[in-house]
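Note that the UniProt record's numbering gives residue 76 to position 76 of the sequence shown, counting from 1, and the numbers run on in steps of one.
I have placed the structure first, in the form of structure tokens, so that the comments after it can refer back to it.
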Amino acid sequence: MQYGDVGLSKDKLDLCMGTNPANDNFTFADANSLKPPSRVTNQRDADLVHFWEKYPKAPEGSTRKTEALKQVLKRCLTDFMLYGLLGNR
Numbered sequence: 001m002q003y004g005d006v007g008l009s010k011d012k013l014d015l016c017m018g019t020n021p022a023n024d025n026f027t028f029a030d031a032n033s034l035k036p037p038s039r040v041t042n043q044r045d046a047d048l049v050h051f052w053e054k055y056p057k058a059p060e061g062s063t064r065k066t067e068a069l070k071q072v073l074k075r076c077l078t079d080f081m082l083y084g085l086l087g088n089r
């Protein structure tokens with residue numbers, strides 16, 4: 001199934017949209033200069049994402065890091081028991 005003009009679909013995208021030759025060889029100076037895109041998280045997984053974000057932010061070797069990892073693993077095990085055995089999620 002195809003929508004739109006068949007003649008245009010055979011053209012390359014840059015021919016339709018155009019390019020800026022000044023940007024052809026552009027590279028970022030800093031690999032982390034781009035902010036990660038905002039994510040939409042299923043409400044069911046919000047606590048898992050919260051615990052997973054806590055883990056790398058906690059100081060290395062601290063009890064906070066250990067607790068965050070325990071919470072992530074506990075949640076993953078619970079999900080496996082609830083949804084993995086049922087085969088639906």
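Heads up, the beta-carbon is just placed ideally off N, CA and C, and yes, glycines get one too.
| query | result |
| --- | --- |
| Among the residues of its own chain, which have a CB less than 6 Å from the CB of Val72, if the five just before and after it don't count? | Phe51, Trp52 |
| Are the beta-carbon atoms of Tyr55 and Leu77 separated by less than 8 Å? | no |
| Identify, in the order they occur along the chain, each residue of the same chain with its Cβ nearer than 7 Å to the Cβ of Val49, setting aside the five sequence neighbours on each side. | Thr41 |
| Please state whether DSSP places Gly61 in a helix, a strand or coil. | coil |
| What is the DSSP secondary structure of Val40, counted as helix, strand or coil? | coil |
| Quick check: what's the CA-CA separation for Lys57 versus Leu82? | 29 Å |
| Quick one: residues in its chain with C-beta nearer than 8 Å to the C-beta of Arg64, no 5 flanking neighbours on either side, listed in chain order? | Lys54, Ala58 |
| At the level of alpha carbons, what is the spacing between Arg75 and Glu67? | 12 Å |
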